[in-house]
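Protein chains: 2
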Amino acid sequence: MIKVFGHFSPDTDSTGSPLIWAWYLSEIQNQPAQAVLLGECNTEAQFALRHWEFEQPEILTDLPAGTPVVIVDTNNPAELPEGINDADILAIIDHHKLVGGLETRGPIDITIRPLACTATIMYQLIGADMARAPRGIKGMMLSCILSDTLEFRSPTTTDTDREIAQALADDLGVDIADLAAQMFAAKSDVSAFSAAELLKMDAKKYAVGDKTFRISVLETTSPDQILSRKAELVAAMPGVAAEDGADEVMLFVIDILKEEATLLLPTPLLRAVAEKSFNVSVDGDQVVLPGVMSRKKQIIPVLSL
Amino acid sequence: MIKVFGHFSPDTDSTGSPLIWAWYLSEIQNQPAQAVLLGECNTEAQFALRHWEFEQPEILTDLPAGTPVVIVDTNNPAELPEGINDADILAIIDHHKLVGGLETRGPIDITIRPLACTATIMYQLIGADMARAPRGIKGMMLSCILSDTLEFRSPTTTDTDREIAQALADDLGVDIADLAAQMFAAKSDVSAFSAAELLKMDAKKYAVGDKTFRISVLETTSPDQILSRKAELVAAMPGVAAEDGADEVMLFVIDILKEEATLLLPTPLLRAVAEKSFNVSVDGDQVVLPGVMSRKKQIIPVLSL
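Right, dumping it as structure tokens:
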């Protein structure tokens with residue numbers, strides 16, 4: 000049985016895309032496949048699973064050498080189980096930059112495209128067979144695209160993502176604004192999480208000069224729910240950074256509706272990075288960055304020390 | 000201007016595929032592109048260029064940082080110019096295993112498929128626009144596929160390669176056996192090359208245990224023309240190995256028509272590797288390996304010490 004999975008700390012795309020591709024492999028390609036998760040998925044992904052009537056996929060606890068796998072939504076070995084290069088990687092479908100490090104035993108199917116969402120690429124790869132997709136698969140595709148594009152607000156959004164989402168919504172008779180509002184409300188309900196869990200929810204490690212940062216992003220329609228816990232979040236940062244071998248945690252609280260990010264700046268190092276990277280002058284322990292919504296397009300590329 | 004190129008020591012696929020993709024980018028996608036070579040192409044590729052009436056592409060001598068490039072027929076930085084990670088890599092189209100090492104600045108178009116030939120993948124990617132391809136582009140595609148599959152004899156050949164080659168031949172009114180015979184005759188005419196040049200013509204470095212081998216392959220319909228120069232080839236091996244930081248050169252002379260390889264074994268280390276890897280008992284300074292035609296499928300995977 001082929002295991003299909005995305006990255007650690009699964010968001011909606013890393014939860015939904017494995018389900019989509021496992022359906023395609025099993026039902027259209029006659030290759031039995033199972034979607035699995037690398038950890039508990041976030042609250043938005045949980046909403047999407049319930050909304051489109053999927054069981055929550057099993058969490059992968061063990062990856063024996065030689066297991067046939069399809070990797071989706073990442074090509075970064077740091078976001079995958081330790082033994083990934085000993086698995087039998089059959090295919091990779093992703094929309095992130097090539098980071099190097101994954102190796103395959105033989106030539107395999109790799110499709111990476113500069114689109115906002117893995118599910119958009121899958122829609123293209125599945126092609127005419129989309130007509131055979133059940134409602135839940137099409138719905139999950141739509142949810143993945145709305146999630147990764149923040150309902151088309153993110154600068155990662157391409158015309159292709161927008162057109163495919165609209166075609167899916169028309170086909171399903173779904174109101175995009177209404178579905179997105181429900182998804183973002185689910186994502187914004189983070190009251191159940193500890194400060195450390197919030198910092199780890201959607202984080203990528205990135206080196207700037209001789210320092211390493213854990214760059215955490217929380218996309219929300221209720222930024223106050225997070226920012227009101229600032230003291231608690233700041234207190235949790237050193238522990239979370241150390242756990243990951245990073246020097247500092249940078250937390251960006253992204254207001255989906257106002258289309259801006261609030262970056263917490265509890266240390267002189269963070270203030271220095273913020274001033275240099277975003278060309279702002281900082282006065283206090285946080286800064287608002289208007290228009291900043293995408294780690295990939297607007298944060299990682301400008302970070303400097 | 001986008002530069003499109005394959006690997007060092009260009010064979011027919013690494014010469015033809017850049018021409019095909021540069022046509023597609025320039026004429027169909029309205030993105031001006033130029034095919035270039037990373038060195039002199041082999042005699043078969045030269046024949047294909049003449050046969051389908053192309054000028055020989057320029058040889059790339061300099062790759063300034065930031066140059067927009069499309070890489071075809073490899074994803075291995077060792078087979079590409081030193082500054083490749085400082086270029087602006089727009090896309091990769093390949094049919095080899097992912098080796099790791101290439102990095103891209105942002106998400107880009109990457110298509111790797113387990114087919115015998117890059118041109119086969121391009122035929123699929125170009126899709127309906129193939130109807131707009133001129134005769135030379137279609138002919139070069141056919142030549143690339145016949146070259147990489149050794150006229151469908153290589154075990155790397157897939158049904159997809161075979162079907163697309165047949166469709167191209169039917170469209171062009173070309174007899175496959177006749178075209179392949181001319182191509183292989185051109186490839187087999189290696190009288191102009193020195194022994195060292197022959198050893199370097201189609202070589203990949205590969206580590207086995209704590210030893211590194213330069214695995215050279217010469218595909219030919221006239222193996223005697225090469226094997227009659229055995230003493231000269233053996234004498235050139237230590238110099239070529241040293242130049243590449245390898246311990247030894249393994250030379251496989253592949254008889255395309257008899258579908259067998261002759262491996263030269265001038266040293267005890269080479270004899271030991273041959274016996275262990277191919278499960279043969281060696282008596283003398285060469286061994287014939289029936290059915291062995293593909294470095295990728297039949298040599299690299301079995302090499303052991």
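Just so you know, the protein sequences line up as chains R and C, in that order.
Numbering follows numbering that gives the first Met the number 0, in which position 240 of the first sequence is assigned residue number 239; successive positions increment by one, without gaps.
Numbering follows numbering that gives the first Met the number 0, in which position 116 of the second sequence is assigned residue number 115; successive positions increment by one, without gaps.
Even glycine gets a Cβ: it sits at the ideal position worked out from N, Cα and C.
Under the 10 Å beta carbon count, residue 58 of chain R is surrounded by fewer than 16 other beta carbons and is classified as exposed. Spatial neighbours of residue 254 of chain R in its own chain (CB-CB distance under 6 Å, excluding positions within 5 residues in sequence) are listed in chain order as 222. Going by beta carbons, residue 155 of chain R and residue 295 of chain R fall inside the 8 Å limit.
At a cut-off of 8 Å between beta carbons, residue 106 of chain C contacts chain R.
Using a CB distance cut-off of 8 Å, residue 113 of chain C counts as an interface residue toward chain R.
The Cβ of residue 119 of chain R sits no closer than 8 Å to any Cβ of chain C. Here residue 227 of chain R is exposed: its Cβ has fewer than 16 other Cβ atoms, across all protein chains shown, within 10 Å. Taking 4 residues as the shortest admissible run, the segment 217 to 258 of chain C contains the following complete alpha helix (DSSP H) segments, listed from N- to C-terminal end: 222 to 226, 229 to 242. Just so you know, the alpha carbons of residue 202 of chain C and residue 260 of chain C end up roughly 15 Å apart. Under a 10 Å Cβ-count criterion, residue 118 of chain C is classified as buried, with 16 or more other Cβ atoms of the shown protein chains found around its own Cβ. Neighbours of residue 100 of chain R across chain C, judged by C-beta separation under 7 Å: 99. Sorting C/167, C/142, C/135 by C-alpha distance to the C-alpha of residue 179 of chain C places C/142 at the top. Using a Cβ-Cβ cut-off of 8 Å, residue 96 of chain R counts as an interface residue toward chain C, since at least one Cβ of chain C sits closer than that to its own.
In the three-state DSSP reduction, residue 97 of chain C falls in the coil class, being neither helix nor strand. With 16 or more other CB atoms across the displayed protein chains lying within 10 angstroms of its CB, residue 75 of chain R is buried. In the three-state reduction of the DSSP assignment, residue 285 of chain R falls in the strand class. The residue from C/105, C/299, C/303, C/270 with its alpha-carbon nearest to that of residue 287 of chain C is C/270. Nearest CB-CB separation between residue 214 of chain C and chain R: not below the 8 Å threshold.
Between the segment 228 to 240 of chain R and the segment 296 to 304 of chain R there are fewer than three C-beta pairs closer than 8 Å, too few to call the two in contact. Below the 8 Å Cβ cutoff, chain C contributes no neighbours of residue 144 of chain R, its closest Cβ being approximately 15 Å away. Residue 182 of chain R and residue 150 of chain R have their C-alpha atoms roughly 10 Å apart. Residues of the same chain with a CB within less than 7 Å of the CB of residue 273 of chain R, apart from the 5 flanking positions on each side, are 262, 264, 279, 281, 286 in chain order. With a 10 Å radius around the Cβ and a threshold of 16 neighbouring Cβ atoms, residue 190 of chain R comes out exposed. Here residue 121 of chain R is buried, its C-beta having at least 16 other C-beta atoms within 10 Å. Taking C-beta atoms as the reference points, residue 219 of chain C and residue 193 of chain C fail to come closer than 8 Å. Interface annotation for the segment 12 to 38 of chain C against chain R: empty, criterion Cβ-Cβ distance under 7 Å. Collapsing the DSSP output to three states places residue 115 of chain C in coil. Close to residue 103 of chain C, with beta-carbon spacing below 7 Å, are these residues of chain R in chain order: 96, 97. Beta-bridge analysis with DSSP links residue 213 of chain R to R/204, R/248. For the options R/52, R/217, R/243, R/35, the alpha carbon positioned closest to that of residue 205 of chain R is the one of R/243.
The CB of residue 70 of chain C never comes closer than 8 Å to any CB in chain R; the least such distance is about 11 Å. The beta carbons of residue 4 of chain R and residue 48 of chain R sit no closer together than 8 Å.
Of the other Cβ atoms in all chains shown, fewer than 16 fall within 10 Å of the Cβ of residue 290 of chain R; this residue is therefore exposed. By the neighbour-count definition (other C-beta atoms within 10 Å, threshold 16), residue 257 of chain C is an exposed residue.
When CB distances to chain C are screened at a threshold of 8 Å, not a single residue of the segment 152 to 185 of chain R falls below it.
Residue state for residue 7 of chain R is assigned as strand, using DSSP reduced to three classes.
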